[in-house]
Amino acid sequence: MKTRSISLAIGLALVLCSSLIAQQKAAQPTSPQAPEATAEAADRPQATELSALSQRALALLLQAGEEARSLKEAYQRARIQAAVADALWDHDAGHARELFQSAFEVALDYYRESKDDNLRQVTRGGFVSRADMRQEIIKLASRHDAALGRALTEQYIEERERELQAQSQPSSRLRTNPLLGTVDPAANNLLSVASSLLEVDLKAAVELAQRAFALGLPQSSSHFFANLARRDRAAADQLYLSVIERIGQDQAALPGQLLLLAAYPFGENRVWIADGEQTNSMAFPALTDFKLDPALIERFLAAAFALLSRTYHLNPAQVPDVPSRLRVALFALRLLEAKVAQYQPALLPQWRELAGQIATLVTGQSRDRIEQTIQQTAQERAPNLASPQTAQVQDLLDRAQQTSNLSRRDDLYREAAFAANRQGDLARAIEIAGRISNFDYRRQVQAWLYFEAATRAITENRLDEARRLALEITATDQRAYLFFQIARAALKEKDRPRANELLEEAIKQATKAENTQEKLRALLGLAYTYASFDPIRGFEVADEAIRTANQIPHYEPDQGRLVRSLESPDKSSSHISVANEEGFDLGKTLAVLAPTDFDRALWLAQSLASKPLQLSALVAVAASVLKQK
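Taking my numbering, the leading residue of the sequence shown gets 19, the next gets one more, and so forth.
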């Protein structure tokens, strides 16, 4: 019955599709055209030229769009309608526009009713975010119609402003860092939308970013400047200079906010903010071929010196958090001292004098911890310059042995193990991690170390060692991820037998695991990798993945990413790593298999028990046909 129902639905959709083609054909102008227009029309794909397979794909999209309207889960309803609109646009822009608008209205209603903040808890104190569906729809729509994207963007901004006004205490829901002060929530929202528009509407993205920075300095600012520079270096420099000038003159600006801006002029991809009591480190993809601009660096250092000098002269009676600001200011002065010596040596005497003055106002213990953090930043920037027996590792070990607090001691051992591993001394790191008294925490730390070491070995093409390290990891998706990364590296070396052996070993391990989301991700990633050189085997693994998916309740299509988390038992420290892996996406895995056997890929998609998963996969498979040249 199920197959008959689907066939009937597709048949009806094919009638609709044929009707659409007929309407487009009838609407074609019969009056003479200029030669240029005729040539342009000849190059444009015509509905009448669609193959039978493309017509089936269009029919599937139309049907999926209709069925999505009946889904109970509003988030998935909006997501699938938007995906259909994206795939349908080149063939029926009018219908696609209606679907985009419908999807956006559904998403607006969803966030009004659910109050979803797009955060998902992965540890007791750690969260990862999933896409704000409103922003995702704006991003997709903007690729096809800039005006539509901007109209939706304005709606989104108005909606966010209403949400903030409706909250009696808007700042109470924010997870802010005391080192960075309080940022207007609207600034975070505007910069988030700006980031989503960078690839599709650069002008609109920059305009939104300007509005965001006028309200404050969001924590994602450094990442935004790096992404903007990849698209338009001149626009990034101009916007950065305006922000630097503002923060250099703002009497309320914090040293921590200055440090958020410290990476961009030097083309670096990590931000450090510390006060001797806590340390925040944020990394983002590195900029390539970034040419340093001495004028830009000079402007940054001048603004930095002005802000840090103001911090030194603050009156504690008027500004309650002066001690914290001074500690961060001392860290900033020490962190940037080498930059001043290299790029603006004339400023160095004043810079060091200011650092000495502020140091006298900071307690000895805080000064020591700030220096330790400075050493850590130096080690992470140039890990090969230090030997395994650095002062940093030994200092952490000494501190661990001197503390009577077991939780703090375990976390100091974790820090020391991480430091040793960054230096490439895995054996030393594992030995140090073995001193952790909490058994579960010890095992998690060691798994984290093995994963990092295996990733490093893959990058350095030490594939046998990478496999050995991957076998030390028990998490099904993490181990499979490493195995298919090793296999992909082998394929680059034209070593197909080795890749096949690695994938089969990983499949054997994954199929033995319990039916969990981790197992599903593992199988999907392995099938996706096989699709590039052995799609028949890829289909067999995908079939096992579909059976697994049907055994997992509440699995959503947007859970296809690798999330690793590590949190100390007392929650004093946490580490979260999120890797977007296309092969973990069920729809994309079937889509890369579809060119080999469309009907089999379609059958697998239709075999999914979850309606949102089924429709999501159907849309991906159908869209893959229409994307083919």
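We put the beta carbon where it would ideally sit given N, CA and C, even for glycine.
Keep in mind the model is a prediction, meaning the values are calculated, not measured.
Name, in chain order, the residues that DSSP records as bridge partners for S592.
Partner(s): E585.
In the DSSP assignment, find the unbroken beta strand (DSSP E) run with A292 in it and report its ends.
Taken as a continuous stretch (DSSP letters only), the beta strand (DSSP E) holding A292 covers R288 to A292.
Is S299 helix, strand or coil when you go by DSSP?
If DSSP states are grouped into helix, strand and coil, S299 belongs with the strands.
Please confirm whether I448 and L430 have their CB atoms less than 8 Å apart.
Taking 8 Å as the Cβ cut-off, I448 and L430 do not qualify as a contacting pair.
Exposed or buried, which one is E433 when buried takes at least 16 other CB atoms within 10 Å?
That one is buried.
In chain order, which continuous runs of the alpha helix (DSSP H) of length 4 or greater are located wholly inside the region 485-524?
494-510, all fully within the region 485-524.
Return helix, strand or coil for A55, following the three-state DSSP convention.
With a pLDDT of only 36 at A55, under the threshold of 50, the placement of this residue in the model should not be trusted; the figure read from the coordinates follows. Three-state result, A55: helix.
For A105 versus A121, is the C-beta spacing smaller than 8 Å?
Not closer than 8 Å, so no.
According to DSSP, is L580 helix, strand or coil?
If DSSP states are grouped into helix, strand and coil, L580 belongs with the strands.
Looking at N245 and the ligand GDP, is the gap between the Cβ and the nearest heavy atom below 7 Å?
Absence of the ligand GDP from the depicted structure is noted, as is the absence of any ligand whatsoever, leaving it without description.
Please report the Cβ distance between A373 and L348, rounded to the nearest whole angstrom; I am assuming they are in contact, meaning their Cβ atoms lie under 8 Å.
Contact flag correct, Cβ pair sits at about 7 Å.
M300: which of L622, T329 and S595 sits nearest, CA to CA?
Ranking L622, T329 and S595 by Cα distance to M300 puts S595 first.
Look up A471 in the DSSP assignment and say whether it is helix, strand or coil.
Helix, per DSSP.
Measure from the alpha carbon of V224 to the alpha carbon of each residue in L209, Q237, G234 and L233, then state which is nearest.
Among L209, Q237, G234 and L233, the Cα nearest to that of V224 is on L209.
What do you get for D110, buried or exposed, if any count of 16 or more other CB atoms within 10 angstroms of its CB means buried?
Label assigned to D110: buried.
Mapping the DSSP letters down to three states, classify A597 as helix, strand or coil.
Note: A597 maps to strand in three-state DSSP.
Does any C-beta atom of chain B lie closer than 8 Å to the C-beta of L216?
No chain B is present in this structure, which holds just one protein chain.
Could you tell me the boundaries of the alpha helix (DSSP H) in which E84 lies?
Where E84 is concerned, the enclosing alpha helix (DSSP H) stretches over A70 to A86.
Rounding to the nearest angstrom, what Cα-Cα distance links L277 and A77 in this structure?
Looking at the two C-alpha atoms, the distance is approximately 53 Å.
Count the other CB atoms within 10 Å of the CB of T477; is the residue buried (16 or more) or exposed (fewer)?
So T477 ends up on the exposed side.
Measuring alpha carbon to alpha carbon, tell me which of G556, Q464 and D458 ends up nearest F502.
Comparing Cα positions, the closest option is G556.
How would you write the range of the alpha helix (DSSP H) that K157 sits in, first residue to last?
It spans M151 to H162 - the alpha helix (DSSP H) in which K157 sits, taken as one unbroken run.
Pick from L489, R485, T421 and R565: whose alpha carbon is nearest that of R516?
Checking every option, the nearest Cα to that of R516 belongs to R485.
Sort R579, I525, N568 and Q569 by Cα distance to E558 and report the nearest one.
Checking every option, the nearest Cα to that of E558 belongs to I525.
Within 10 angstroms of its Cβ, does E154 collect 16 or more other Cβ (buried), or is it exposed?
So E154 ends up on the buried side.
Check for me: the alpha helix (DSSP H) holding S342 runs from which residue to which?
Element bounds for S342: V340 to Y361.
Assign Y258 to one of three DSSP states: helix, strand, or coil.
In the structure shown, Y258 sits in a helix (DSSP, three-state: H, G or I).
At the level of alpha carbons, what is the spacing between Y174 and Q420?
If you take the alpha carbons of Y174 and Q420, they lie about 54 Å apart.
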